[in-house]
Structure formats: structure tokens, C-alpha cells
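>
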Amino acid sequence: MTMIFAIEEINNSTEILPGFLLGYRIFGSCPSIPLSVKASLALMNGEVEEIKGCVKPPSVHAVIGETTSTATIGIARTMGPFHIPVLSHSATCACLSNRREFPSFFRTIPSDYYQSRALAKLVKHFGWTWVGAIRSRSDYGNNGMATFLEAAEKEGICIEYSVAIYRTDTRERFLEVLDIIKKSTSKVIVAFADGNDLDILIKELYKQNITGFQWVGSEGWITYRYITTDMNYVVLGGAVGFAVPNAHIPGLREFIMKSHPSTKPGNTGLVELWESLFNCTLIPQPNSSSTKLCNGEESLETTDTRFMDVTDASLLNNVYKAVYAVAHALDQLLSCEEGKGPFGNKTCAYKEKIHPWQVLYYMTKVNFTTKHGENVHFDSLGDPAARYALVNWQMNGSGTIIFETIGLYDASLPEGQQFKMKEDMKAVWAGNLDKVPRSVCSESCKPGTRRAFVKGTPICCFECVPCADGEFSNTTNAVTCVTCPPEYKSNVDRTWCNLKKIEFLSFKELMGILLVTFSLLGGCLTITIGLVFFHHRQTPIVKANNSELSFLLLFSLTLCFLCSLTFIGRPSEWSCMLRHTAFGITFVLCISCVLGKTIVVLMAFRATLPGSNVMKWFGPPQQRLSVLAFTLIQVLICVLWLTISPPFPYKNMKHYKEKVILECDVGSAVGFWAVLGYIGLLAVLCFVLAFLARKLPDNFNEAKFITFSMLIFCAVWITFIPAYVSSPGKFTVAVEIFAILASSYGMLCCIFIPKCYIILLKSEKNTKKHLMGKVTSN
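Whatever position you read off the sequence shown (first residue = 1), add 812 for this note's numbering.
1) Classify Arg912 as buried or exposed, calling it buried when 16 or more other Cβ atoms lie within 10 Å of its own Cβ.
2) Leaving out five residues on either side along the sequence, give the residues of the same chain with a beta carbon under 7 Å from the beta carbon of Ala1551.
3) Looking only at DSSP bridge pairs, what is Ala1180 linked to?
4) Output yes or no for whether 7 Å exceeds the beta carbon distance between Gly1194 and Phe917.
5) In angstroms, rounded to a whole number, what distance separates the CA positions of Thr1410 and Ser1387?
6) On the DSSP bridge list, what partners appear for Gln1026?
7) Based on DSSP bridge pairs, tell me the residues matched to Val1472.
8) Hey, out of Lys1015, Glu1576 and Trp940, whose CA is closest to Thr1351's CA?
9) For Leu1407, count neighbouring Cβ atoms within 10 angstroms of its own Cβ and tell me buried if that reaches 16, exposed if not.
10) If distances are taken between C-alpha atoms only, which option among Phe1363, Cys1273, Leu931 and Ile887 comes closest to His1348?
11) Just reading off the alpha helix (DSSP H) that Pro846 is part of, what are its end residues?
12) From the DSSP output, in three-state form, read off Asn1021 for me.
13) Just to confirm before moving on: does the CB-CB distance between Ile876 and Leu847 stay below 7 Å?
14) Starting from Cys812 and walking both ways along the beta strand (DSSP E), at which residues does that stretch end?
15) At what residues does the alpha helix (DSSP H) containing Leu1193 begin and finish?
16) Between the Cα of Pro1073 and the Cα atoms of Asn1044, Pro1168 and Cys1106, which residue gives the shortest distance?
17) Cβ atoms of Thr1340 and Leu1371: under 7 Å apart, would you say?
18) Spatial neighbours of Ala1051 within its chain, please: CB distance less than 6 Å, with the 5 preceding and 5 following residues excluded, ordered by chain position.
19) Given a cut-off of 7 Å, decide if Ser1521 and Gly1492 are closer than it, judged by their beta-carbon atoms.
20) With H, G and I counted as helix, E and B as strand and the rest as coil, what does DSSP make of Val1248?
21) If you drop the 5 nearest sequence neighbours on each side, which residues of the same chain put their C-beta closer than 7 Å to that of Gly1335?
22) Whole-angstrom Cβ separation of Ala906 and Thr959, contact assumed at under 8 Å?
23) Whole angstroms is fine: what's the gap from Met815's alpha carbon to Val1135's?
24) In this structure, how does DSSP classify Leu829 when only helix, strand and coil are distinguished?
25) Distance, Cα to Cα, Phe1284 vs His1467?
26) How is the alpha helix (DSSP H) around Trp1485 delimited, first residue to last?
27) Between Thr1117 and Thr1080, what straight-line distance do the alpha-carbon atoms span, to the nearest angstrom?
28) Roughly how far, in whole angstroms, is the beta-carbon of Ala1059 from the beta-carbon of Ala1125, given that I think they are within contact range, below 8 Å?
29) Check each candidate in Val1412, Met1175, Val1252 and Ile1218 and name the one with the smallest Cα separation from Gln1435.
30) Within the region 1211–1296, note down every full beta strand (DSSP E) run reaching 3 residues or more, in order along the chain.
31) Check for me: the alpha helix (DSSP H) holding Ser1359 runs from which residue to which?
32) Relative to the alpha-carbon of Ile1353, which residue among Phe1564, Thr1041 and Leu1146 has its alpha-carbon at the smallest distance?
33) Go ahead and pull the three-state DSSP assignment for Gly865.
34) What residues in its chain sit with their C-beta under 7 Å from that of Cys866, if we drop five residues either side in the sequence?
35) Look up Glu820 in the DSSP assignment and say whether it is helix, strand or coil.
36) Which same chain residues, not among the five before or five after Asn1590, have their C-beta less than 8 Å away from its C-beta?
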């Protein structure tokens, strides 16, 4: 009726096809593939009743139909090789967009290619990642569901089960499907099915009281009035799905209300409806007096049937647009100017003999706007722009099931803007709830955990495993935990990384304060002893064994005490280079002085032998030169070390996971151990010489005290090596400072304290005779 209405509207219009009339022939297919193909062959071959004055009517220029995708495939395959345009108002199978197989197919309903992806986006939008899938075992269901499954996988949606149904299946088969649904854990069912197939399943679900599932439907059934019964609403209440947007066709309802049937060629499609509505017969039946004849005064205006309801005109609008698309193609064809045509030599179609392939060409150029403001055009595959209305099954106050539009989908918009929900949306969900149900295989993993997938299960089924120490995740359902940067550690919840505590030997902490105190104390004590020696510089005990070396030794010991201060505080480039070089040079200077004093003591007694002239080689100039030479060697080693690979500040993050140790990397290990080795060599040499001179006759033999001081020095530094290697963090620096202070205090106390004792407390012993051993001591 909508097609007839559109054709008559066109024929009565002066704006389109002026001076031409459109004719039509309607075939019913029920819908059956054999009947559809038979009708298409009849239309192609012109097998119609012979009309007076015509030998043979021309072949059809375009075909509008069919309703189902399977039947439409049969028609499109039949007519495709003959380039006859086929327009469907309802066939949505994406397979029909194959231009090689269906070169003359067009449709005014979007392809399932878009609908399937839209359904996947819809499911993802509501957070459903664990769903079941039901489809019709037909081209429509199989192709649509295949595309949906592909799109769902990309959206991260898992399918618990996927089953197919068909209206001719046995009841046992439907019960098997019911058993799968009943045992499933998913609460959402995506049904890409025909309404007739699904109706059988829904009735079985109702009988088994299997309700509470959230149904998501395709346009094949979501607005199918045939299944909108109170019984089915118990199962399908709150269902959502995509439907072709509704439209108002002005004058259509009035046209239908005023229509009448005909028993002659014309509108014979209303005969069965008419006889059923008015309980009469249009065609007299012989030998039948029980059935009254229709008197012709009956009118549909006095009836209230579903046939009269055009409030849901989504598919009717598709038929309306299909008729106008053919009309506009013909209008362009007939408006062609000779010499500017699209065919060979810029020719136009011959108006008295229009060929279907010419109409097919102009069908690809169709672009118009309907009276109710909808633009109609086809892409290169014969598909229109994909626009859907998201509808929701609701029941209004009067108990009528309505399809409430709660959102829109437009595939022509950019990605991310295609799907829009209405701001004033008031949706009803499964179980007559007002909130979106949940359907997940596993609950989302919170920040601080990651998903651990179980082998053999879908990707949506997982366990939540806490992130390891040093890793974090700050998103929901993180696949992996992110490793914290080296200087950071994860917090207790493993949701973020905090800066690790930085550790170094500081002046503010107790250990640092104690070491600074002992260092300054040692420096002050050394300076005090130096002042005592300076004040008594003319006394024999100070003058003995070269007082210059004694003052130089005191000066170097002061530097040794103070150089330990460079090891405390935050390491920097200059402090790392200074601490090791200052330590190495000051200690060599110190030991060189001790070595010089030891050699002088040893050689002094050698010089007492008759004919010995050895002391001329060990006078003060030679002593100063030897100290300078020994020290310069260490300076040279330090210069090479600083030039080739100097020490540098280093963040040690391997020893502790929870903190960063700031320390000085020695740079060249060879340079570091060369400095220590040279100090050790001089110390061993000094110890050996002092040991040899320890029993020389003298009341105050300095060699004894030097031996003790070198023994302490060597013991401290031999102990230092394993302690230095094994000490963690700031304790490494503390061990090194302790070794410096201990060895410095050892030399200071062993060499200078006994002399200070005599100078300050036993002044009577501070004589040359007593020092030479000529005075007997009680």
C-alpha cells in the first residue's frame, strides 16, 4: 500500500516525471525463495496477461523487494546479470554489498555491516563484556552475527556461547538452546535473529520461567509488532536494540483508510483483508448462501486494526524512499540533454525504449531529499547512510508495549561521536529495573593489580594478581604492571610510584655528627700539640730527629683529620674527586714524614760506627727532598686517575630496593687501588725500618713509637678492606672515615703523646744527656 501510495503521489506530481506515468505489478512471495525467484523471472520476461493493443509489455525497469535477506539474494542473483536494479527496503545482509556478486543491488535500509558494529559498540558502551549470542540460521543471522563477533572481539567483548535457531527446528533443538541459556553465567543475550524464529524461543523461555536476561536485538525483531505480547514481554521486557529510525509519511494513513479492494487487475491485495474484516465475500461462491456479499459501502475508516497503524513507519518509509529513488533515476534519465549524456558519444537514453542498465546507471547518481526532510543517496556498494535509533522495550501506563527511542547511531559521523544517548533517557532494563545490569565473566581488577589470564578460558575471564614490589598499575583492568623508574618505588597499594628515600652520610645525623666531632677533635689536638712543640722548639726532645719533619708531620696529620670531612655530605663531582685525592696525598705526606724520621733514627746509629760518613746523605735537605719525592709520586698517580677516569657521584639502586644510596664511584678501580697500594707500600716499608731500629740504645728511641704507630696503621687498613667491600650504603663511607681517623689518631698518639708527656710533665728528662742514654734512669 505504501508503494502504491508513493507511485500515485509521483504520478500526480508536476515536479517529478512530468508527462510520464509509473506503472507497477505486485507479486506475493510469502516469503519463499522459489516464489521470489519465480516472480523475478516473470517480471523480467514480461509474462503478464495479454492486454488488448499490446503484443508484449516491455520488461521491468526496476524491482522493489524483498523483505528477507535470503529471498532478496535469490532475486538479486537472478536479475544481476541482466543489469536490472533491485531495491530492497528490508534486506540487511552485509553479503548483498558485494558488487561482484550483486552488481545491480541497492537498498534503503542500512547494511548489517554497520548494525553489527553498532551492536558491539552498544554492548561495550554499557560495560557488558560477557554475553551470549543467538542468531537465525539464515543469511541474515549468520552474516550479521559473524560481523558482530568480529567487532566484539576488537571491542574486548567475550562470547560465552553462540547458537543458531530456525523456525523449522524441532522443539528438542529449542530446548537444547534453553538449557545452554539456563546454565550460562552471562546476563546479556545478543540476538541477531528474525522475529518469527525468535518468537518460538521466547515462548519456550516463558514456559520454563527463564527470565531476567538483558536482551540486545537487531532490527530484525526489536520493533517486530508480531512478538509484542504480554507473555513475551515477561521475557523481553527492557530489551534494547537498533531499529530503522521512524518517520512520518504525510497522507499515507488517509490513503490506506480510503482504499478499496478490486477483483480485477488493480489492487487485489486487499481482498483477503476486506473479507476478513467485514465478514463478507467479494466474489460470489456458488451453492453458498451462508456468506453475505460485500455491498461496496464498507470502509476501513470505521475499523481499528493493526493494518491502519502507521505510527511505526520505519520500514514503510524505506519502501517510500525506494519508489522515489527509482522515480528520481528515471527523471534524471528523461531530463538528459542530447550531446551531454553519460553514454557512448555523450548520448542519452532513447525515451521510447528505456533499458534497465540505463536506469541502473542513474540509480548510482540518485541524491534527493524527501518531503519529511530525509536525504537519500547510495554509496559505491549501493548502501544508504547508516542511521539507527536505539529503542527500548517499555510498557506505558495503559499496558501497551512501546518502543521508546533512548539513543541514536550515525555511522557517517567521526569515530567516537557515532553513538549518542538522549540526555533525558529513561530506560527500563531487564527485570523492570532502572539501572543497567552487569554482565562480566570476572570483576574488574582494581588499580594496584593486573589481570592474569587463565589458559583455556576467554580473555574476559581472569584473576586479579597484585603488582610486584617496584611495579604499579593506576588503571582498572591493567594487563601488565608498569615498572617504576629506577629512582622510584611503588607505594603500599601498588597504585603509584613514590620517590625512594635518598641515603648518604649527612652532617645532620648522629653518625655524621660523631665523625665530624672526632675529626675536628683530632685536628684541634694535632694543632695543640704543634703549638706545644713550637713553644718548646729549643728543647732537646723537639730538636732531636729533625724538628722540621715533626712540624710537617703534625701539619699532614691535621690535613688527614680534616680530609675526613670531605667524605660527609651529599656527593657531588668535586667532592668525589677531592675526598679520594686529598686522602691519598695527605696520607702519603704523613707517612713520608714518618719514613724520613725512621730512616734518620736508623742512620744516626749507623753513623756512630768508626769511619762512617753516612749521615751526610741524610741531612735535612735530603729529608725534605725525600718527603717531596714520595708525595709527588702520589700526586702523579692522582693526576692520572683524575684525567683518565675520575671518581663521580653515583646513585646505587641495586643494594636496596626501597632507597637510593648516593655514593662516589671510584671511576677507575686501578687508580683507586694504586693510591691505596702506594700508601700501603710506604707504610709497610716504614714499619719494617722502624722494627729494625726498635732496640737501638737510647732512653727515648723514637723508632719504638713509630713501630707501634705503623702497626696500628697497617692493622686498621688491613681490616678496612673487607669492611669497606661488605659495608652497605652510607656505612661504607663511615668505615672509610673511621679508618682515616683511627690511623691518624694512632700515629698522633704513638709518636707525639709520649713527647708531650715528657715536655709537659717530665721536663727533667728533656735533656740531651738523658736522651743519649748517659743518665741512668731510676
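From the three backbone atoms N, C-alpha and C, an ideal C-beta is built for every residue, glycine too.
Per the coordinate set shown:
1) On the sequence shown, residue 912 is found 100 positions in, with the first residue counted as 1. Result: exposed.
2) Working through the sequence shown from its first residue, we reach residue 1551 at position 739. Only Val1528, Trp1529 and Phe1532 meet the Cβ criterion.
3) Counting from 1 along the sequence shown, the entry for residue 1180 is found at position 368. Residue identity check: residue 1180 is Phe in the sequence provided, not Ala. Paired residues: Val1188.
4) Along the sequence shown, one-based indexing puts residue 1194 at 382. Along the sequence shown, one-based indexing puts residue 917 at 105. Contact flag set, yes.
5) Sequence index remark: in the sequence shown, residue 1410 carries index 598 (1-based). Sequence index remark: in the sequence shown, residue 1387 carries index 575 (1-based). Each residue's Cα considered, the two are about 34 Å apart.
6) Position 214 of the sequence shown holds residue 1026. Looking at the DSSP assignment, Gln1026 forms a beta bridge with Val1000.
7) Here the question's residue 1472 lines up with position 660 in the sequence shown. According to DSSP, which records beta bridges pairwise, Val1472 is partnered with Ile1314.
8) Translated into the one-based positions of the sequence shown, residue 1351 becomes position 539. When only C-alpha atoms are compared, the closest one is Glu1576.
9) Position 595 of the sequence shown, counted from the start, is the residue given in the question as residue 1407. Classification of Leu1407: buried, given that the 10 Å Cβ count is 16 or more.
10) Translated into positions along the sequence shown, residue 1348 becomes position 536. Of Phe1363, Cys1273, Leu931 and Ile887, the residue nearest in Cα terms is Phe1363.
11) Mapped onto the sequence shown, residue 846 falls at position 34. Counting along the chain, the alpha helix (DSSP H) containing Pro846 begins and ends at Ile845 to Asn857.
12) For the purposes of this step, residue 1021 is taken as residue 209 along the sequence shown, with counting starting at 1. Note: Asn1021 maps to coil in three-state DSSP.
13) Here residue 876 corresponds to residue number 64 of the sequence shown, with the count starting at 1. Here residue 847 corresponds to residue number 35 of the sequence shown, with the count starting at 1. No, the Cβ-Cβ distance between Ile876 and Leu847 is not below 7 Å.
14) Residue 812 lies beyond the stretch modelled for the chain, which goes from 813 to 1590, so this question has no answer here.
15) Here residue 1193 corresponds to residue number 381 of the sequence shown, with the count starting at 1. Segment: none, Leu1193 is in no alpha helix (DSSP H) and carries neither H nor E.
16) Residue 1073 sits at position 261 when you count from the first residue of the sequence shown. Closest option to Pro1073, Cα to Cα, is Cys1106.
17) The residue you call residue 1371 lines up with position 559 of the sequence shown. The residue you call residue 1340 lines up with position 528 of the sequence shown. Contact flag unset, no.
18) Counting from one through the sequence shown, the residue named residue 1051 turns up at place 239. Same-chain partners within the cutoff: Trp1027, Gly1029 and Trp1205.
19) Stepping through the sequence shown from its first residue, residue 1492 is reached at position 680. Stepping through the sequence shown from its first residue, residue 1521 is reached at position 709. Not in contact: Gly1492 and Ser1521 (Cβ atoms no closer than 7 Å).
20) Along the sequence shown, read from residue 1 onward, the residue named residue 1248 stands at position 436. Looking at Val1248 - three-state DSSP - the assignment turns out to be coil, as it is neither helix nor strand.
21) Walking along the sequence shown from the start, residue 1335 turns up at place 523. Around Gly1335: Thr1370, Phe1373 and Leu1374.
22) Translated into positions along the sequence shown, residue 906 becomes position 94. Translated into positions along the sequence shown, residue 959 becomes position 147. About 6 Å; that satisfies the 8 Å criterion.
23) Reading the sequence shown from its first residue, position 3 is the one you call residue 815. Reading the sequence shown from its first residue, position 323 is the one you call residue 1135. If I take the Cα positions, the gap works out to 7 Å.
24) Walking along the sequence shown from the start, residue 829 turns up at place 17. DSSP places Leu829 in coil when its eight states are reduced to three.
25) For the purposes of this step, residue 1284 is taken as the residue at position 472 of the sequence shown. For the purposes of this step, residue 1467 is taken as the residue at position 655 of the sequence shown. In a straight line, the C-alpha of Phe1284 is about 21 Å away from that of His1467.
26) The count along the sequence shown starts at 1 and reaches residue 1485 at position 673. Run containing Trp1485: Ala1481 to Leu1504, per the alpha helix (DSSP H) assignment.
27) Looking up residue 1117 in the sequence shown gives position 305. Looking up residue 1080 in the sequence shown gives position 268. C-alpha separation (whole angstroms): 19 Å.
28) Numbered from 1 along the sequence shown, position 247 holds the residue referred to as residue 1059. Numbered from 1 along the sequence shown, position 313 holds the residue referred to as residue 1125. Indeed, because the Cβ distance is near 6 Å, the residues count as touching under 8 Å.
29) Taking the first residue of the sequence shown as 1, we reach residue 1435 at position 623. Nearest C-alpha to Gln1435: Val1412.
30) 1213–1222, 1231–1233, 1261–1265 and 1274–1278
31) Numbered from its first residue, the sequence shown carries residue 1359 at position 547. Note, Ser1359: alpha helix (DSSP H), Ser1359 to Cys1375.
32) Translated into positions along the sequence shown, residue 1353 becomes position 541. If we check each option's Cα against that of Ile1353, Phe1564 comes out closest.
33) As a first step, residue 865 is located in the sequence shown; it is residue number 53 there, counting from the start. Since pLDDT at Gly865 reaches only 48, below the 50 mark, its modelled position is unreliable, and no value is offered.
34) Position 54 of the sequence shown, counted from the first residue, corresponds to residue 866. Here the model assigns Cys866 a pLDDT of 47, short of 50, so the residue's position is not dependable, and the following value carries that caveat. Counting only Cβ-Cβ distances below 7 Å, and skipping sequence neighbours, we find nothing.
35) One-based indexing of the sequence shown puts residue 820 at position 8. Reduced to three states, the DSSP call for Glu820 is helix.
36) Within the sequence shown, residue 1590 is the residue found at index 778, counting from 1. Low confidence applies to Asn1590: its pLDDT is 46, below 50, so where it sits in the model is not reliable enough to give any reading.
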